[in-house]
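*Asks:* The following block contains the structure, expressed as structure tokens.
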Amino acid sequence: MDRPINSYYYREPEKNKKSKKGKRRTKIFFNIFFMILFILIFVALVRSPVFKMQRIEVKGNERVSYEEILRIADIEEGTTLWQVNNRVLKKRLEKMPLINSARVSYVFPQALAIDVKEKEPIALIPYWERYLEISEDRTILGAADEMEDLPLMTGIIIEKPYVGQKVDPGEIIYLEEILRTISNMSSQELSFFSDFKVKDPLNLKVYTIDGTEIWLGKDNYEKKLEEVPRVLMEIKRQKEEEPGYIDLRVSHFPPKR
Numbered sequence: 103m104d105r106p107i108n109s110y111y112y113r114e115p116e117k118n119k120k121s122k123k124g125k126r127r128t129k130i131f132f133n134i135f136f137m138i139l140f141i142l143i144f145v146a147l148v149r150s151p152v153f154k155m156q157r158i159e160v161k162g163n164e165r166v167s168y169e170e171i172l173r174i175a176d177i178e179e180g181t182t183l184w185q186v187n188n189r190v191l192k193k194r195l196e197k198m199p200l201i202n203s204a205r206v207s208y209v210f211p212q213a214l215a216i217d218v219k220e221k222e223p224i225a226l227i228p229y230w231e232r233y234l235e236i237s238e239d240r241t242i243l244g245a246a247d248e249m250e251d252l253p254l255m256t257g258i259i260i261e262k263p264y265v266g267q268k269v270d271p272g273e274i275i276y277l278e279e280i281l282r283t284i285s286n287m288s289s290q291e292l293s294f295f296s297d298f299k300v301k302d303p304l305n306l307k308v309y310t311i312d313g314t315e316i317w318l319g320k321d322n323y324e325k326k327l328e329e330v331p332r333v334l335m336e337i338k339r340q341k342e343e344e345p346g347y348i349d350l351r352v353s354h355f356p357p358k359r
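What follows is the structure, given as structure tokens:
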């Protein structure tokens, strides 16, 4: 078939094609070159003695020793800062039984800072002639020779306690709730009570410093403990004497005035 008159076919010159191919090859070459250069610089920084760990600073630890924290951190000699994953280290430290939270940060160029917050005792459990310090999550933090400014929790038997052990609640289903409630109370509020007896799985008994026995049942402790002083005052006003016991297993608080 004859080619139509006035038809025009454009054919790119071979010189231009070669020029474009050359530019693409040059671009690929430079990309590979810079990638290799970046890797080499990164490896050099990771292994550079300038960033080699010289010291580890630890703050906030009282019950947990510096040596124990280093053992859990497990940072080998010659490690550089770039080789330490602070998120992984943070999680590892927070798994320690006495540590509540941890923060890990770099102190360039040759130090690592670890700031820990230890669990705090909120109650005491009598054990022979000593007192076991218990945290909110039932962890045994240590032992005290004398009564501290903490509420006493009786009725719990622990045969062979050790630091870091969690107290087994057994049938006391409300143990965690009362510990959580105690941790949220102020020292002034707690000073009103002398003993939390957790022996009965269906009824928590609390004793005031004046000897009044209060039955709290197995739930709603925060509200009940908050109302105890007002209930006592109302009963004293009506009967003009200290009550022997008060049953608050079912809420029946007098209205506030």
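In terms of the working numbering, the sequence shown opens at residue 103 and continues consecutively. No residue lacks a Cβ here, since even glycine has one placed at the ideal position from N, Cα and C.
1) Can you round the beta-carbon distance between E216 and V166 to whole angstroms, since I take them to be within the 8 angstroms contact cut?
2) Tell me the residue span of the alpha helix (DSSP H) that contains T256.
3) Please report the distance separating the alpha-carbon of M155 from that of R194.
4) State buried or exposed for K358, treating a residue as buried only when at least 16 other CB atoms are found within 10 Å of its CB.
5) Compare the beta carbon distance of I311 and I348 with 7 angstroms and say whether it is the shorter of the two.
6) So, at 6 angstroms on beta carbons, what are the nonlocal neighbours of P296 in its own chain, with the 5 sequence-adjacent residues on each side left out?
7) What residues in its chain sit with their C-beta under 8 angstroms from that of I236, if we drop five residues either side in the sequence?
8) Helix or strand or just coil, what does DSSP make of S167?
9) Tell me the DSSP secondary structure of W184 in three-state form.
10) Taking the DSSP output, what are the residues bridged to T314?
11) In the DSSP assignment, find the unbroken alpha helix (DSSP H) run with R240 in it and report its ends.
12) Since S203 sits in a beta bridge, which residues does DSSP pair it with?
13) Cβ atoms of P253 and L306: under 7 angstroms apart, would you say?
*Replies:* The relevant details are as follows:
1) Correcting the residue type first, residue 216 is Ile in the shown sequence and not Glu. Not really, about 11 angstroms apart at Cβ, beyond 8 angstroms.
2) It is not in any alpha helix (DSSP H) - T256 instead sits in the beta strand (DSSP E) that spans L254 to T256.
3) 19 angstroms
4) Reliability of the predicted coordinates at K358 is poor, the pLDDT of 49 falling under 50, and the value obtained from them is presented with this limitation in mind. Exposed, because fewer than 16 other Cβ atoms sit within 10 Å of the Cβ of K358.
5) no
6) As written in the sequence, residue 296 is Ser, which differs from the Pro given in the question. If we look at S296 and ignore the five residues flanking it on each side, its Cβ neighbours are Y309 and I311.
7) Residues of the same chain with a CB within less than 8 angstroms of the CB of I236, apart from the 5 flanking positions on each side, are P223, I224, A225, L226, I227, I242, L243, M255, V269 and L281 in chain order.
8) S167: coil per DSSP, three-state reduction.
9) helix
10) According to DSSP, T314 bridges with nothing at all.
11) Where R240 is concerned, there is no enclosing alpha helix (DSSP H), given that its DSSP letter is neither H nor E.
12) K219
13) no
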